[in-house]
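One structure is given here, and the rest of the page talks about it.
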Amino acid sequence: LAGDDLAGETMLITAGPTREELDPVRYISNHSSGKMGYALARAARHRGAKVILVSGPTCLAPPPGVELVQVESARQMHEAVMACVPDCSVVIKAAAVADYRPVLRCGEKMKKSGETLTLQLEKNPDILAELGQLERRPLLVGFAAETTDLQTHAAAKLAAKNLDMIVANDVSQEGAGFNVSTNIARILYRDGRIEPLELMAKTRLAELILDRIRELLQDKR
Ligand code: C5P
Numbered sequence: 181l182a183g184d185d186l187a188g189e190t191m192l193i194t195a196g197p198t199r200e201e202l203d204p205v206r207y208i209s210n211h212s213s214g215k216m217g218y219a220l221a222r223a224a225r226h227r228g229a230k231v232i233l234v235s236g237p238t239c240l241a242p243p244p245g246v247e248l249v250q251v252e253s254a255r256q257m258h259e260a261v262m263a264c265v266p267d268c269s270v271v272i273k274a275a276a277v278a279d280y281r282p283v284l285r286c287g288e289k290m291k292k293s294g295e296t297l298t299l300q301l302e303k304n305p306d307i308l309a310e311l312g313q314l315e316r317r318p319l320l321v322g323f324a325a326e327t328t329d330l331q332t333h334a335a336a337k338l339a340a341k342n343l344d345m346i347v348a349n350d351v352s353q354e355g356a357g358f359n360v361s362t363n364i365a366r367i368l369y370r371d372g373r374i375e376p377l378e379l380m381a382k383t384r385l386a387e388l389i390l391d392r393i394r395e396l397l398q399d400k401r
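Quick note, UniProt numbering runs 180 ahead of the 1-based positions in the sequence shown.
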């Protein structure tokens, strides 16, 4: 049942984890599966949007009709997003971007030596925060995965990153967050509204998020 209620929109969606390399065989990453971002990309395309999916490494097949840009590190994702954003009316940042990367990447496999090993990390660019400061800001949607004080942290991110909405999910709850097909979320809006949601499939949550994005786009115009 293809629709066209998002026809005319160009949506940039990020998905999956990033990998921050330590040496040719090791990296730092997280448990993101990419399911939420891919579900959003598939649904948005189905509803008529042009979709650019900037994805970290996942096991998922790219949805048909979507332009896939594959990246590994946060810095590569940053570069890809910044290159595409001028053409986009909406950006949904569902990727779990690594906050830090190793200061040094060894050219050769690191050898086992001492009893302890200290890694020094440095901050990655905050892509979404940077988008929030653009003069021509697209509609910006963020995600917040938290294990404590979900609503407080999500509200703080919404404000700090200058977003239109943020989808907050408590990843410590059963049936929510990383690597499962369902999610329990609440959506926080710029005007202070909070919409708590039931446990639902990520595919259904994707449709609901796109419904809300459409409403916000209509209000804006
Ligand atoms: O990492 P954090 O919890 O702040 O992530 C919140 C939102 O910001 C997510 O939508 C995530 O994709 C985005 N983000 C980003 N660049 C980063 C870190 C997070 O775009 N370096």
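C-beta atoms are modelled at their ideal positions from N, C-alpha and C, and glycine is treated no differently.
Problem set entry | Secondary structure of residue 200, DSSP reduced to three states | Numbered from 1 along the sequence shown, position 20 holds the residue referred to as residue 200. Reduced to three states, the DSSP call for residue 200 is strand.
Exercise. Any idea if residue 199 is buried or exposed, counting beta-carbon neighbours within 10 angstroms, 16 or more meaning buried?
Worked result: The residue you call residue 199 lines up with position 19 of the sequence shown. Buried, because 16 or more other Cβ atoms sit within 10 Å of the Cβ of residue 199.
Exercise. Heavy atom of the ligand C5P less than 7 Å from the Cβ of residue 324, yes or no?
Worked result: For this step, residue 324 is matched to residue 144 along the sequence shown. Checking every heavy atom of the ligand C5P against the Cβ of residue 324, one is found closer than 7 Å.
Exercise. Name the DSSP beta bridge partners of residue 336, please?
Worked result: Counted from its first residue, the sequence shown places residue 336 at position 156. DSSP, once it has assigned bridges, lists no residue as partnering residue 336.
Problem set entry | For residue 302: DSSP bridge partner residues | Start at 1 with the first residue of the sequence shown, and residue 302 comes out as number 122. Answer by DSSP bridge pairing, in chain order: 281.
Problem set entry | Three-state secondary structure (DSSP) of residue 227 | As a position in the sequence shown, residue 227 is number 47, starting the count at 1. Here residue 227 sits in coil by DSSP.
For this session: With a threshold of 7 Å, establish whether the CB of residue 194 neighbours any heavy atom of the ligand C5P.
Result: To locate residue 194, count along the sequence shown from 1; it is residue 14. Correct: residue 194 has its Cβ closer than 7 Å to the ligand C5P.
Exercise. In three-state DSSP terms, what is residue 391?
Worked result: By 1-based counting over the sequence shown, the position of residue 391 is 211. Helix, per DSSP.
Problem set entry | Strand pairing of residue 292, partner residues [DSSP] | Here residue 292 refers to the residue found at position 112 when the sequence shown is read from its first residue. In the DSSP output, where bridge partners are listed per residue, residue 292 has none listed.
Exercise. Which one of 274, 295, 375, 313 has the shortest CA to CA distance from residue 382?
Worked result: By one-based count along the sequence shown, residue 382 stands at place 202. Of the candidates 274, 295, 375, 313, the one whose C-alpha sits nearest the C-alpha of residue 382 is 274.
For this session: With a cut-off of 8 Å on the beta carbons, I'd call residue 340 and residue 368 a contact; round off their distance for me.
Result: Position 160 of the sequence shown, counting from 1, holds the residue named residue 340. Position 188 of the sequence shown, counting from 1, holds the residue named residue 368. In fact, because the Cβ distance is near 13 Å, the residues do not count as touching under 8 Å.
For this session: Starting from the C-beta of residue 379, find all residues in its chain whose C-beta is less than 8 Å away, skip the five residues before and the five after it, and write them out in chain order.
Result: Taking the sequence shown and counting its residues from 1, the one referred to as residue 379 is at position 199. Closer than 8 Å at the Cβ level, and outside the excluded window around residue 379, lie 355, 356, 362, 363, 364.
Exercise. Cβ of residue 304 versus every heavy atom of the ligand C5P: is any distance shorter than 7 Å?
Worked result: Mapped onto the sequence shown, residue 304 falls at position 124. Within the cutoff, so yes.
Exercise. In chain order, what residues of the same chain lie with their CB nearer than 7 Å to the CB of residue 344, ignoring the 5 residues before and after it?
Worked result: The residue labelled residue 344 in the question sits at position 164 within the sequence shown. Excluding sequence neighbours, residue 344 sits near 319, 320, 321, 370, 396.
Problem set entry | Contact between the stretch 303-318 and the stretch 245-252 (3+ Cβ pairs under 8 Å) | no
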